[in-house]
Amino acid sequence: MVAYGGDEVNALVLDIGTSSVRAGYAGEDTPRCMFPTRFGYLEQGQQQDGEDVSMDMKRQYYIGDNKINKLKSHMEIRHPLKDGIIEDWEAMENIWEETFRSMLSIQPEEHPLLCTEPAWNTTENREKAIELAFEKFAFPAFYLAQDAVMTAFSVGRGTALVLDSGAGVTSVVPVYEGYVLKKGILHQPVAGDMLADQIKQYLEKELNYKVTPHYTIAKKEAVEAGQQPQIELKSLDGVTESFHDYQVNRVLNEYKETLCEVSNVTFDESQLESKPKKLFEFPDGYHKEFGIERLKMSELFFQPKLVLDQETNYLGAHEMIYNSASSCDADLRPLLLNNIVITGGNTLLNGFTERLNHELPIKAPGSKIKIHASGNTVERKSGSWLGGSILASLGTFHQLWISRKEYEEHGKSIIHRKL
Numbered sequence: 001m002v003a004y005g006g007d008e009v010n011a012l013v014l015d016i017g018t019s020s021v022r023a024g025y026a027g028e029d030t031p032r033c034m035f036p037t038r039f040g041y042l043e044q045g046q047q048q049d050g051e052d053v054s055m056d057m058k059r060q061y062y063i064g065d066n067k068i069n070k071l072k073s074h075m076e077i078r079h080p081l082k083d084g085i086i087e088d089w090e091a092m093e094n095i096w097e098e099t100f101r102s103m104l105s106i107q108p109e110e111h112p113l114l115c116t117e118p119a120w121n122t123t124e125n126r127e128k129a130i131e132l133a134f135e136k137f138a139f140p141a142f143y144l145a146q147d148a149v150m151t152a153f154s155v156g157r158g159t160a161l162v163l164d165s166g167a168g169v170t171s172v173v174p175v176y177e178g179y180v181l182k183k184g185i186l187h188q189p190v191a192g193d194m195l196a197d198q199i200k201q202y203l204e205k206e207l208n209y210k211v212t213p214h215y216t217i218a219k220k221e222a223v224e225a226g227q228q229p230q231i232e233l234k235s236l237d238g239v240t241e242s243f244h245d246y247q248v249n250r251v252l253n254e255y256k257e258t259l260c261e262v263s264n265v266t267f268d269e270s271q272l273e274s275k276p277k278k279l280f281e282f283p284d285g286y287h288k289e290f291g292i293e294r295l296k297m298s299e300l301f302f303q304p305k306l307v308l309d310q311e312t313n314y315l316g317a318h319e320m321i322y323n324s325a326s327s328c329d330a331d332l333r334p335l336l337l338n339n340i341v342i343t344g345g346n347t348l349l350n351g352f353t354e355r356l357n358h359e360l361p362i363k364a365p366g367s368k369i370k371i372h373a374s375g376n377t378v379e380r381k382s383g384s385w386l387g388g389s390i391l392a393s394l395g396t397f398h399q400l401w402i403s404r405k406e407y408e409e410h411g412k413s414i415i416h417r418k419l
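Quick note, the sequence shown lines up with residues 1 to 419 if you use UniProt numbering.
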């Protein structure tokens, strides 16, 4: 029996977001491995020569940066999550397998596992997670931690209003003394993937330009700024639409992270026209300077109606924060607004924090607003993983683990009794 009480614990922490899987050891500052949550697969009968595939296996999975970015004939790219919640459990089992046995090279039966979950996770999914941990991987102990609580812990807070804006979901979750206040949970798909889609639409409609990813280009010639690219394409067979779209999305994400920024104050096109333009070159050689559009597209996070359409019911990030706090008891609101914690890749866009600091006092006049944002890029993207790392390394945490013995006695329902 593995000892997992006190300081000798060598626990693992697993955090699965829409964009990335993060895994590593409790007590460490950063994950040991980070790789895309999306996976590649080939159906049985399509496996490449020389690949070791058991006959009962329907699919061959390809997990991790190197494997999913290497073109394989007929390989599809899929996502195991929908709205932040695990939907494809067969794929998730393979992601766990790759994470623990290949990337971390550990024996699961020798380490307890802390896994994060969204605050709106389902009862059924929580039970599937504990079954996977004990039945398939034989972990000696398991814990499911809500990611918003872990993000709050990562900045040393038990009470916070946590805004998390990643690739697939933007959420606001109120946390009070380590517990989620369910009535204040808000989440919507206005997130990084939606911004990438807006960029793609802008390029195609306004500039008549279609992104050509690296893998398709055989030869390119230098062109003047704004001129259509002069390229020769490779002759490729078996390229799936999902693989191509994923590669296009990688280019759009690079554009987003390099160029997009948020206006520090409420967006006013006439005031921002003088903002300096920035040059971006696409893989096929197409390049131009981008100006006001860099800011206008990012208004998705604060004025979704401006970017999408007037009919949308999606809220700006500041409105989500205000509405979430307003859903909680009146005496808690000042405490929550004074402890706003922001995490996720979109919050790293230049101007994002400043814009919140501008909009929130207008929305909640008289309230003391304080925003906590890690200055470290990795920490900002891995807030919930870091909180899990801190929690699972505490000596006092050992009594909270669900042990294998408890699982064998009570079955999967133990997850609801103990957590």
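Backbone N, C-alpha and C define an ideal beta-carbon position, used for all residues, glycine too.
This structure is a prediction, so every number in the text was calculated from the model and none was measured.
- Spatial neighbours of N264 in its own chain (CB-CB distance under 8 angstroms, excluding positions within 5 residues in sequence) are listed in chain order as G351, E354, R355 and H358.
- The three-state secondary structure of R22, taken from DSSP, is strand.
- The Cβ-Cβ distance between L161 and I340 falls below 9 angstroms.
- In terms of Cβ geometry, F139 and E93 do not form a close pair [threshold 9 angstroms].
- By the beta-carbon neighbour count (other beta carbons within 10 angstroms, threshold 16), G383 is buried.
- Distance from the Cα of R32 is smallest, within the candidate group Q44, A11, E127 and S374, for A11.
- Per the coordinates, the alpha-carbon of L132 lies some 31 angstroms from the alpha-carbon of T240.
- Distance from the CA of Y179 to the CA of G238, rounded to the nearest whole angstrom, comes to 49 angstroms.
- Around the beta carbon of N313, a 10 Å sphere encloses fewer than 16 other beta carbons of the protein chains shown; the residue is thus reported as exposed.
- For Y246, the enclosing alpha helix (DSSP H) begins and ends at E241 to L259.
- In the DSSP assignment, R59 falls within the beta strand (DSSP E) that extends over R59 to Y62.
- Going by C-alpha positions, D29 is about 44 angstroms away from A222.
- The residues V211 and P213, in chain order, have a CB closer than 6 angstroms to that of V248 in the same chain once the five nearest residues on each side in sequence are set aside.
- The beta carbons of S324 and G184 sit closer together than 9 angstroms.
- If the five residues before and after I292 are omitted, its C-beta is found closer than 8 angstroms to the C-beta atoms of E269, L272, E273 and K275, all from its own chain and listed in chain order.
- In the DSSP secondary-structure assignment, S171 is bridged to D164 and H187.
- For Y202, same chain residues with a beta-carbon under 7 angstroms away, outside a window of 5 residues either side, are E293 and M297 in chain order.
- Cβ-Cβ distances below 6 angstroms link G387 to M150, T151, F153 and S154 in the same chain, with the five nearest sequence neighbours on each side left out; the list follows chain order.
- Around the beta carbon of T123, fewer than 16 other beta carbons sit within 10 angstroms, so the residue counts as exposed.
- With three or more CB-CB distances shorter than 8 angstroms, the region 322-338 counts as touching the region 183-200.
- In the DSSP assignment, F153 falls within the alpha helix (DSSP H) that extends over D147 to S154.
- When secondary structure is reduced to three states using DSSP, I16 falls in the strand class.
- As the crow flies, the alpha-carbon of G285 is around 6 angstroms from that of P229.
- Rounded to whole angstroms, the separation of the alpha carbons of I402 and P112 is 9 angstroms.
- If you draw a straight line from the Cα of K136 to the Cα of T99, it is about 14 angstroms long.
- Nearest neighbour of G375 by Cα position, chosen from M320, T396, T343 and I369, turns out to be T343.
- Burial is judged here by how many other beta carbons sit within 10 angstroms of a residue's own beta carbon; S171 has at least 16 and is buried.
- Unbroken beta strand (DSSP E) runs of no fewer than 3 residues, entirely contained in the region 314-372, are found at 340-343, following chain order.
- Going by beta carbons, D147 and E117 fall inside the 9 angstroms limit.
- Apart from the 5 residues on each side of it in sequence, I321 sits with its Cβ closer than 7 angstroms to the Cβ of L161, L163, V172, I340 and L360 in its chain, given in chain order.
- For L332, the closest alpha carbon among the candidates G84, L181, E254 and L315 is that of L181.
- Cβ-Cβ distances below 7 angstroms link K305 to T312 in the same chain, with the five nearest sequence neighbours on each side left out; the list follows chain order.
- Every beta strand (DSSP E) stretch that sits fully inside the region 106-133 and reaches 3 residues is listed by chain position as 113-117.
- Taking a 10 Å sphere around the C-beta of D65, we find fewer than 16 other C-beta atoms and assign the residue as exposed.
- In the DSSP secondary-structure assignment, V180 is bridged to V175.
- G166 and G24 do not touch by the CB rule: their CB atoms are close to 18 angstroms apart, not below 8 angstroms.
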